[in-house]
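In the working numbering, the protein residues as written are 62 to 199.
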């Protein structure tokens with residue numbers, strides 16, 4: 062195992078123990094919740110859009126779960142700040158795994174991508190593209 066891999070593991074532990082953007086926003090433009098029933102992870106994403114209704118001005122998450130799901134949500138909220146909804150929709154699972162910087166077993170991929178899917182589905186609900194109550198990674 063190389064030094065780079067250890068550095069990313071430390072980053073995941075840091076974001077798990079000291080999550081960035083953790084909490085709920087007082088008046089979000091939209092809010093959405095998701096879960097990974099396999100692992101027991103739950104995440105809520107709150108987003109405030111800028112006046113252009115496209116740019117993510119503020120984002121926060123809350124929830125509970127394993128180190129991978131919580132660290133991924135923390136890292137993702139840092140990345141999404143200032144991005145557009147179009148850029149959010151262009152993200153895929155590989156982008157999230159690259160952001161984490163470590164090998165993720167197939168069973169843990171659902172944990173890693175939960176926050177991404179919740180944010181994407183929340184935006185789609187906001188724009189009227191889909192109607193669902195909760196996102197699930199299964």
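We put the CB at the ideal spot given by N, CA and C, even for glycine. All values derive from a computational prediction rather than experimental measurement.
Using the rule of at least 16 other Cβ atoms within 10 Å of the residue's Cβ for burial, across every protein chain shown, is residue 98 buried or exposed?
-> Numbered from 1 along the chain shown, position 37 holds the residue referred to as residue 98. That one is exposed.
Euclidean distance between Cα positions of residue 77 and residue 112 | Taking the first residue of the chain shown as position 1, residue 77 is located at position 16. Taking the first residue of the chain shown as position 1, residue 112 is located at position 51. Rounded to the nearest angstrom, the two C-alpha atoms are 32 Å apart.
Per DSSP, residue 96 is paired with what?
-> On the chain shown, position 35 is the one that residue 96 refers to. Paired residue(s): 103 and 197.
Through-space distance from residue 130 to residue 162, alpha-carbon basis | Taking the first residue of the chain shown as position 1, residue 162 is located at position 101. Taking the first residue of the chain shown as position 1, residue 130 is located at position 69. Each residue's alpha carbon lies about 14 Å from the other.
Should residue 184 and residue 106 be called a contact, given that it needs their Cβ atoms to be closer than 7 Å?
-> As a position in the chain shown, residue 184 is number 123, starting the count at 1. As a position in the chain shown, residue 106 is number 45, starting the count at 1. Contact: no.
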